[in-house]
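Here is the structure we will look at.
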Amino acid sequence: MTKKTRNIYKDLSKIIKKLQEEKKRILNRLNEINKAIRAVETTLKLIGSRGNGKSVLLAHEELINDLKNRRSELSQLRALIEIADIIGDKNNKFRMVEAKNIMVEAGFFENPKNASAILYTIMERSGKFEKVEPGVYKIIDIEME
């Protein structure tokens, strides 16, 4: 090897070494970013992600506003079916307390103290809901009247 070739080789070796160090630094930064993403995803799961990036709280606010706007055209049963369909999990299971709170916020009851009893009666008489466990119901017939 000539002296010129050795110098080029040394220079290229230095460049490779610098690039490898930069790559290592970038990979460390990428790992930090991935950890931060996982932390945010975990937080979303804890507060209840809707799968579309919206938290349950934000989805509830939008649902409440929509129901308030359409309150005069919806019966309590239709509103409950819509709420259950939206807040229910993959198996159409939903918590009655959650549905009740949304309906109370949307103004479907004159007296919120009676809301649980009214909802229970609606669910029993309609035949569209099945009790899965205490406080948890499942939509068995989603057809609107």
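Numbering-wise, the sequence shown is residues 31 to 175 according to this note's numbering.
Note that beta-carbon positions come from the ideal geometry of N, C-alpha and C, so glycine has one too.
If you're wondering where the values come from, they're calculated on a predicted model, not measured in any experiment.
Quick check: the Cα distance between residue i and residue j, rounded to an integer number of angstroms?
i       : j       : result
Ala-109 : His-90  : 13 Å
Asn-122 : Lys-48  : 56 Å
Asn-61  : Thr-72  : 16 Å
Ala-129 : Asn-58  : 45 Å
Glu-160 : Leu-97  : 24 Å
Ala-145 : Val-134 : 7 Å
Glu-140 : Val-70  : 40 Å
Lys-65  : Glu-112 : 37 Å
Val-162 : Ala-147 : 18 Å
Using a 10 Å radius around the Cβ and a threshold of 16 neighbouring Cβ atoms, would you call residue i buried or exposed?
i       : result
Met-126 : buried
Met-31  : exposed
Lys-54  : exposed
Leu-149 : buried
Ile-67  : exposed
With residue i and residue j assumed to form a contact (beta carbons below 8 Å), what rounded beta-carbon distance in angstroms separates them?
i       : j       : result
Leu-93  : Ile-132 : 6 Å
Leu-101 : Phe-138 : Correcting the residue identity first, residue 101 is Arg in this sequence and not Leu. Yes, Arg-101 and Phe-138 are in contact; Cβ-Cβ is about 7 Å, under 8 Å.
Ala-114 : Phe-124 : 5 Å
So, at 6 Å on beta carbons, what are the nonlocal neighbours of residue i in its own chain, with the 5 sequence-adjacent residues on each side left out?
i       : result
His-156 : Checking the sequence shown, residue 156 turns out to be Ser, not His. Cβ within range, chain order: Leu-107.
Met-153 : Phe-159
Q | the stretch 156-172 contacting the stretch 110-128, beta-carbon criterion three pairs below 8 Å | A | Judged by pairs of C-beta atoms under 8 Å, the stretch 156-172 touches the stretch 110-128, as three or more such pairs exist.
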